[in-house]
Amino acid sequence: YDPEVGAPVGEPEYMIMAATIGVLMTMCCVYIFDKDTRCNMFVWIQNRLGLRAADLSGRTAFADRIPAAVHTVAPRKIVDSAFNIAHCGRAQRHRYTTLAEFFEAIERCLRGEGERKYVYAYWPELDSIAHEHGIASRQARESLRRFDDGFARLLLSLQSRDVGVLVTGDHGFIDAPEERLVLVEQH
Numbered sequence: 002y003d004p005e006v007g008a009p010v011g012e013p014e015y016m017i018m019a020a021t022i023g024v025l026m027t028m029c030c031v032y033i034f035d036k037d038t039r040c041n042m043f044v045w046i047q048n049r050l051g052l053r054a055a056d057l058s059g060r061t062a063f064a065d066r067i068p069a070a071v072h073t074v075a076p077r078k079i080v081d082s083a084f085n086i087a088h089c090g091r092a093q094r095h096r097y098t099t100l101a102e103f104f105e106a107i108e109r110c111l112r113g114e115g116e117r118k119y120v121y122a123y124w125p126e127l128d129s130i131a132h133e134h135g136i137a138s139r140q141a142r143e144s145l146r147r148f149d150d151g152f153a154r155l156l157l158s159l160q161s162r163d164v165g166v167l168v169t170g171d172h173g174f175i176d177a178p179e180e181r182l183v184l185v186e187q188h
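Each residue of the sequence shown is one higher than the last, beginning at 2 in the numbering used here.
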């Protein structure tokens, strides 16, 4: 800004560019300190700065508050992510790739007698399929059937043991009619 002229100095494009860089730098700071980021670049920056998701969240991991041996069973691609490590705390992490490996890992965690155990097992396939194809799709029904079959086998294998099983979901699903869909790439 030139006070003698009473107007900005430079072309408007250059002023917009400076404002854009300011917004970009602000957003970079937001994402660098975001404990939930899944962007590999920001995770890399967090690691280089020595930031841990646990430090960013300011909370004690759920597993660290359970008076038992704690195990987490999660997909291979996320089991060692900063977010998962922060929320697993001292839990022993077990990775899997297939549905069969998922149920095998749960059974391995529950082997042995005497010691109390808590196992958190995460299976995201149905959620992913339902987002992509719809909850009423053939793919979603097949995914649920495969999971249900494996779960039934797991329950049979645990039948004679003193094990409590709780299954939860973090949300439900409905298929929205096509006329209600908002396609981000069109905006």
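Beta carbons: idealized from backbone N, C-alpha and C, even for Gly.
Every value quoted in this text rests on a predicted model; they were computed, and no experiment measured them.
Contact set for residue i: own chain, Cβ-Cβ below 8 Å, skip 5 residues either direction
i	result
Arg214	Nothing about residue 214 can be read from this structure; the chain reaches only from 2 to 188.
Ile130	Ser138, Gln140, Ala141, Ser144
Asp95	Note on identity: in this sequence residue 95 is His, with Asp being the wrong assignment. Excluding residues within five positions, the ones whose Cβ falls inside 8 Å are His72, Thr73, Val74, Ala75, Val80, Ala106, Arg109, Cys110.
Per-residue burial, residue i [other beta carbons within 10 Å of its own, 16 or more giving buried]
i	result
Trp45	exposed
His132	exposed
Val74	buried
Leu155	buried
Ala92	buried
Arg88	The sequence given here has His at residue 88, not Arg. Looking at its Cβ environment, which holds 16 or more other Cβ atoms inside 10 Å, His88 is buried.
Val183	exposed
Leu127	buried
Residues of its chain near residue i, where Cβ-Cβ distance is below 7 Å and the 5 sequence neighbours each way are ignored
i	result
His134	Gln140, Ala141
Trp124	Phe103, Phe148
Arg77	Arg96, Tyr97, Thr98
Close beta carbons around residue i, own chain, < 6 Å, minus the five adjacent residues each side
i	result
Tyr197	No answer is possible for residue 197: it lies beyond the span of the chain, which begins at 2 and ends at 188.
Gly90	Ala62, Ala64, Asp65
Glu116	Ala70
Tyr121	Thr73
Test: residue i CB closer than 9 Å to a CB of chain D
i	result
Ser129	Of the protein chains in the structure, only one exists, and it is not chain D.
Cβ-Cβ separation, residue j to residue i (assumed contact under 8 Å), whole Å
i	j	result
Ile67	Tyr119	5 Å
Residue i Cβ short of 8 Å to the ligand MN heavy atom set
i	result
Asp163	Among the components of this structure there are no ligands whatsoever, and the ligand MN is therefore not found.
Could you tell me which uninterrupted alpha helix (DSSP H) segments, each at least 4 residues in length, are contained entirely in the region 104-186, listed from first to last along the chain? Scanning the region 104-186 from its first residue to its last, the whole alpha helix (DSSP H) runs of 4-plus residues come out as 126-134, 139-159.
Which runs of the beta strand (DSSP E) fall wholly inside the region 57-84 and span at least 3 residues, in chain order? Counting only runs of 3 or more residues that sit fully inside the region 57-84, the beta strand (DSSP E) segments are 70-76, in chain order.
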